[in-house]
Structures are given as structure tokens and as C-alpha cells.
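So the structure is just underneath, and the comments pick up after that.
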Ligand SMILES: C[S@@+](CC[C@H](N)C(=O)[O-])C[C@H]1O[C@@H](n2cnc3c(N)ncnc32)[C@H](O)[C@@H]1O
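Numbering (the numbering used here), first residue to last: 163 to 369.
What follows is the structure, given as C-alpha cells:
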């Protein structure tokens with residue numbers, strides 16, 4: 163049965179995020195996506211970067227079913243692995259050996275503001291253990307800079323997130339990058355994206 167979900171923002175941002183990935187990723191190995199949601203990004207990026215293996219993940223079964231449906235719909239079953247059941251807070255992450263061995267980086271799109279702050283902490287802690295020197299962790303989404311919203315619409319969005327769950331909310335970039343630093347990452351680049359979003363590129367150092 164077709165279990166595909168459709169996230170409108172995902173259809174809007176997949177091209178611009180793909181353009182950022184194009185600058186960063188190498189043409190081999192695997193990428194682990196955390197909080198893949200519907201799976202629309204996963205299949206779009208697997209099609210755009212056929213040389214790599216795009217490994218999706220999500221803790222929610224309804225999302226993993228959607229991801230599997232998208233993989234089947236796009237006839238990518240022979241190329242793309244099935245989504246992992248990965249909750250960033252359930253540590254240590256259980257990463258298949260083959261994935262860990264071929265990983266070139268981790269990507270998480272619109273996840274950390276729709277999850278509690280501990281998810282950001284664990285995202286960097288576990289990624290810091292898995293990734294080697296020179297490998298990347300890319301975050302995409304809205305951020306506060308210097309504790310200030312970058313637009314009125316982000317301020318309203320933040321309030322609506324907090325009404326859904328008081329632990330959610332747009333994160334302050336400096337706090338996020340502090341967590342990165344604690345775990346051996348430096349902030350390599352910050353890229354302005356459409357609709358008041360950013361792509362933040364973190365790179366693992368040798369410590
Ligand atoms: C706003 S959706 C974004 C989905 C997708 N990345 C996109 O941009 O369309 C947030 C995603 O984060 C996932 N998520 C929430 N808490 C999580 C956690 N503790 N560990 C991993 N993913 C989580 C949700 O299941 C959901 O798929």
C-alpha cells in the first residue's frame with residue numbers, strides 16, 4: 163500500500179539544499195540523514211547524487227513507512243537502503259558496520275527545532291563519536307543569531323512551535339555551535355537559504 167507522506171516545505175527546499183550538498187559531498191560513500199520525515203529529501207538526494215548511498219532514518223514508524231513507500235515509488239529499492247529506526251536520544255546509536263565504514267557525513271534537516279534541546283546535545287555527541295576528522299555534519303533550518311530571530315515570520319513560527327510543545331523552538335546558532343565545539347566540530351560555513359533558513363556546515367577536527 164502507498165504510505166507516502168507529502169511535506170510541502172520539503173518540496174520547496176530540496177533544490178536549494180541539494181545545491182549546498184553538491185558543494186560539500188564527495189562522489190563516493192554514504193550519507194546518514196537524521197530525522198528524514200516523509201523521505202522526500204532522501205529520494206530526491208539519492209536521485210541527484212547517484213554515486214553515493216543515502217541512508218535515511220527516523221524514530222517514527224509512520225515516517226519510516228513513508229520513506230519506504232517513496233523508495234519503492236521512485237524505483238530506488240536496489241540502490242537505497244531501508245530507513246533506520248534512529249532516535250538521537252537513544253544512545254549509543256546502532257549504526258550498521260557497512261554504513262559506519264563508508265560514511266562521509268551526516269545531514270539533519272529541520273529536526274533540531276522540532277525536538278527538545280537534548281536532541282541537539284546527543285546529535286553532536288553521537289556524531290562526534292561516529293565521524294572522523296574532516297567529515298561533516300550539516301544542519302538546515304531556521305536559527306536565531308545572537309539570540310535574535312532573523313525575521314518576523316520565524317518569531318511567529320517559534321511561538322507556534324512552543325504552543326505545540328514547550329520544549330520545541332528555534333535554536334540559537336551560538337548555542338548549537340557550542341555543542342558542536344564540545345564534540346570536536348568547528349563551524350566551517352553558514353549559508354543563507356531561502357525563506358529565512360540557514361545551512362550550517364560543521365567539520366570534525368582531530369580534537
Ligand atoms: C519537521 S520534521 C522534518 C522532516 C524532514 N527532515 C524534512 O525536512 O522534511 C522533523 C523530523 O525530526 C524527527 N525527529 C523528532 N525527534 C527526533 C529524534 N529524537 N531523533 C531523530 N529524529 C527525530 C521527526 O520524526 C521528523 O521526521
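Positions of the beta carbon are idealized from the N, C-alpha and C atoms, including for glycine. Predicted model only: the values in this text are computed from it and were never measured.
Taking the Cβ atom as the reference point for each residue, do residue i and residue j lie within a distance shorter than 7 angstroms?
i           : j           : result
residue 179 : residue 364 : no
residue 267 : residue 298 : yes
residue 334 : residue 306 : yes
Count the other CB atoms within 10 Å of the CB of residue i; is the residue buried (16 or more) or exposed (fewer)?
i           : result
residue 168 : exposed
residue 344 : exposed
residue 263 : exposed
residue 290 : buried
residue 359 : buried
residue 371 : With the chain covering only 163 through 369, there is no way to say anything about residue 371.
Is the closest heavy atom of ligand 1 to the C-beta of residue i under 6 angstroms?
i           : result
residue 288 : no
residue 193 : no
residue 199 : yes
residue 158 : It is not possible to answer for residue 158, since the shown part of the chain is limited to 163 through 369.
residue 253 : no
residue 357 : no
Using the three-state DSSP reduction, which class does residue i fall into: helix, strand or coil?
i           : result
residue 347 : strand
residue 291 : helix
residue 352 : strand
residue 180 : helix
residue 361 : strand
Check the C-beta distance from residue i over to residue j and give it rounded, since I have them as a contact under 8 angstroms.
i           : j           : result
residue 245 : residue 219 : 6 angstroms
residue 231 : residue 185 : Their Cβ separation, rounded to whole angstroms, is 30 angstroms, which puts residue 231 and residue 185 out of contact at 8 angstroms.
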